[in-house]
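Trainee: Structure in structure tokens, see below.
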Amino acid sequence: MKDVRKLLFPFAILYGIVTGIRNFLYNRGIFRAFSFDIPVIAVGNLSTGGTGKSPLTEYLVRLLKDSYSVATLSRGYKRSSKGFVLADDAATAATLGDEPYQFHLKFPDIQVAVDADRVNGITRLLSLPDKPGVIVLDDAYQHRRVKAGLYILLTAYGDIYADDLILPAGNLREGRSGAKRADIIVVTKCPPDLALKEQENITRKLKPQMHQKVYFTCIAYDEWVYSGEGSIKVTDVKPQDKVLVAGIAKPEPFFSFLKNDTDHCLTYPDHHNFTASDIEAIINKSDNRIIITTEKDYTRLKGSLPADKLFYLPIKSSFVKDAGDFDKTILEYVGKSTGNR
Numbered sequence: 035m036k037d038v039r040k041l042l043f044p045f046a047i048l049y050g051i052v053t054g055i056r057n058f059l060y061n062r063g064i065f066r067a068f069s070f071d072i073p074v075i076a077v078g079n080l081s082t083g084g085t086g087k088s089p090l091t092e093y094l095v096r097l098l099k100d101s102y103s104v105a106t107l108s109r110g111y112k113r114s115s116k117g118f119v120l121a122d123d124a125a126t127a128a129t130l131g132d133e134p135y136q137f138h139l140k141f142p143d144i145q146v147a148v149d150a151d152r153v154n155g156i157t158r159l160l161s162l163p164d165k166p167g168v169i170v171l172d173d174a175y176q177h178r179r180v181k182a183g184l185y186i187l188l189t190a191y192g193d194i195y196a197d198d199l200i201l202p203a204g205n206l207r208e209g210r211s212g213a214k215r216a217d218i219i220v221v222t223k224c225p226p227d228l229a230l231k232e233q234e235n236i237t238r239k240l241k242p243q244m245h246q247k248v249y250f251t252c253i254a255y256d257e258w259v260y261s262g263e264g265s266i267k268v269t270d271v272k273p274q275d276k277v278l279v280a281g282i283a284k285p286e287p288f289f290s291f292l293k294n295d296t297d298h299c300l301t302y303p304d305h306h307n308f309t310a311s312d313i314e315a316i317i318n319k320s321d322n323r324i325i326i327t328t329e330k331d332y333t334r335l336k337g338s339l340p341a342d343k344l345f346y347l348p349i350k351s352s353f354v355k356d357a358g359d360f361d362k363t364i365l366e367y368v369g370k371s372t373g374n375r
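Convert by adding 34 to the 1-based position in the sequence shown; the result is the number in the numbering used here.
Next up, the structure:
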């Protein structure tokens with residue numbers, strides 16, 4: 035695979051030139067970027083997924099929602115609807131996309147919207163009678179038409195952008211220099227006990243600008259798995275024979291956390307739309323055993339599999355250290371922006 039990607043390097047150079055010109059035109063103001071009289075936080079990455087944007091977006095929602103009226107705005111990847119959609123009681127994973135629908139189910143007291151055109155999406159949110167006080171843009175780092183007030187760039191431990199190349203030779207959507215736009219860099223999916231020395235080594239490789247702060251997070255798994263009819267402690271479910279189902283970018287940690295030697299692990303592409311044949315295969319493989327999936331996949335599988343057999347495992351972003359400093363940085367930005375309105 036690495037040899038094949040080396041052959042694609044000339045195309046990566048061409049792709050880098052195109053994205054570089056686009057960024058240059060936005061940086062010089064030749065392409066117009068729209069700013070808004072409201073705190074806007076953009077969460078994103080340089081690579082093509084798998085960095086943990088959703089858990090970090092949820093972390094921000096939890097941090098802000100008790101003090102501010104919060105909205106999330108996403109593209110709504112692989113949804114069946116078009117244009118601007120605001121989540122309501124009729125929303126589904128099909129109309130919103132799996133991750134926004136997950137936000138809607140988990141945080142019913144916030145506004146969840148989708149629109150591929152983020153400028154239009156923000157404008158529509160601000161035209162609502164109960165318009166939000168803070169907007170969190172999910173996966174919007176390359177959406178340069180919106181000039182956010184705070185940019186949070188994510189990069190995954192063991193796969194940091196400093197070691198990667200531009201598509202198609204690597205996985206970067208734009209050159210590494212794009213990291214300079216970030217106010218905060220978060221290295222995600224770290225070991226919980228990541229040594230300070232290794233944190234320092236990674237920070238040196240990332241070469242942050244003077245104004246940038248670097249933080250390290252890990253995935254914290256819930257102590258329970260949940261279904262539409264109840265819950266089971268993870269410690270009780272781990273020894274059981276079960277089927278694990280994941281349609282996410284990097285499912286290995288999910289499988290490793292739950293599986294035992296007798297389990298069956300079924301892997302599907304990220305954001306996979308499960309077909310009737312997929313559902314039949316999962317049912318046949320389960321043979322009346324419980325099925326555990328990710329929270330994102332649960333939004334697409336519920337209703338298609340027996341409610342008493344289908345469970346999901348929630349996750350959260352947890353800071354290896356300096357969580358208080360991260361929270362303070364976010365709250366100071368939102369508070370200052372709100373106060374200046």
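Just so it is clear, CB atoms sit at the ideal spot from N, CA and C, and this is done for glycine as well.
Taking the C-alpha atoms as reference points, what is the distance between ASP172 and ASP304?
Mentor: Taking the first residue of the sequence shown as position 1, residue 172 is located at position 138. Taking the first residue of the sequence shown as position 1, residue 304 is located at position 270. Cα-Cα distance, rounded: 16 Å.
Trainee: On a CA-only basis, which of LEU199, THR363, ILE316 is nearest ILE186? Give me that one, please.
Mentor: Position 152 of the sequence shown, counting from 1, holds the residue named residue 186. Closest option to ILE186, Cα to Cα, is THR363.
Trainee: Between the beta-carbon of ASN205 and the beta-carbon of SER81, is there less than 8 Å?
Mentor: By one-based count along the sequence shown, residue 205 stands at place 171. By one-based count along the sequence shown, residue 81 stands at place 47. Contact: yes.
Trainee: Taking 8 Å as the cut-off, decide whether the C-beta atoms of TYR255 and GLY281 are in contact.
Mentor: Counting from one through the sequence shown, the residue named residue 255 turns up at place 221. Counting from one through the sequence shown, the residue named residue 281 turns up at place 247. No, these two residues do not count as a Cβ contact at 8 Å.
Trainee: What's the call for HIS245, buried or exposed, on a 16-neighbour Cβ count within 10 Å?
Mentor: What you label residue 245 is simply residue 211 of the sequence shown in a count that begins at 1. Exposed is the call here.
Trainee: What three-state label does DSSP hand PHE250 in the structure shown?
Mentor: What you label residue 250 is simply residue 216 of the sequence shown in a count that begins at 1. Three-state result, PHE250: strand.
Trainee: When DSSP labels each residue in this structure, what does ILE47 get in the three-state scheme?
Mentor: On the sequence shown, residue 47 is found 13 positions in, with the first residue counted as 1. ILE47 falls in the helix class under three-state DSSP.
Trainee: Output needed for TYR102: all residues of its chain with C-beta closer than 7 Å, excluding positions within five of it in sequence on either side, in chain order.
Mentor: On the sequence shown, position 68 is the one that residue 102 refers to. Only GLY167, VAL168, VAL368 meet the Cβ criterion.
Trainee: What are the complete alpha helix (DSSP H) segments, minimum 4 residues, inside the stretch 295 to 373?
Mentor: Listed in chain order, the complete alpha helix (DSSP H) runs (minimum 4 residues) inside the stretch 295 to 373 are 310 to 320, 329 to 335, 357 to 373.
Trainee: Compare the Cα-Cα distances from ASP71 to each of SER114, VAL153, ILE219 and report the closest residue.
Mentor: Locating residue 71 in the sequence shown gives position 37, counting from the first residue. Considering only alpha carbons, the answer is VAL153.
Trainee: Here's the rule I'm using: 16 or more other beta-carbon atoms within 10 Å means buried, otherwise exposed. How should ASN79 be labelled?
Mentor: For the purposes of this step, residue 79 is identified with residue 45 of the sequence shown, where counting begins at 1. Buried, since its Cβ has 16 or more Cβ neighbours within 10 Å.
Trainee: Since ILE169 is in the beta strand (DSSP E), which residue starts that stretch and which ends it?
Mentor: Indexing the sequence shown from 1 puts residue 169 at position 135. Note, ILE169: beta strand (DSSP E), 168 to 172.
Trainee: DSSP three-state call for GLY155: helix, strand or coil?
Mentor: As a working mapping, residue 155 is identified with position 121 in the sequence shown. If DSSP states are grouped into helix, strand and coil, GLY155 belongs with the helices.
Trainee: Please state whether the Cβ-Cβ distance between LEU90 and VAL77 is less than 8 Å.
Mentor: Counted from its first residue, the sequence shown places residue 90 at position 56. Counted from its first residue, the sequence shown places residue 77 at position 43. Yes, the Cβ-Cβ distance between LEU90 and VAL77 is below 8 Å.
Trainee: Would ASP149 be called buried (16 or more neighbouring beta carbons within 10 Å of its own) or exposed?
Mentor: For the purposes of this step, residue 149 is taken as residue 115 along the sequence shown, with counting starting at 1. By the 10 Å Cβ count, ASP149 comes out buried.
Trainee: What are the boundary residues of the alpha helix (DSSP H) that includes ILE236?
Mentor: Within the sequence shown, the letter at position 202 stands for residue 236. Run containing ILE236: 230 to 240, per the alpha helix (DSSP H) assignment.
Trainee: Thinking VAL259 and ILE326 are a contact (beta carbons under 8 Å), I'd like their distance in whole angstroms, please.
Mentor: Against the sequence shown, residue 259 aligns to sequence position 225. Against the sequence shown, residue 326 aligns to sequence position 292. Confirmed, Cβ separation roughly 6 Å.
Trainee: Exposed or buried, PHE45, counting other C-beta atoms within 10 Å across all chains shown (16 or more means buried)?
Mentor: Reading the sequence shown from its first residue, position 11 is the one you call residue 45. With fewer than 16 other Cβ atoms within 10 Å, it is exposed.
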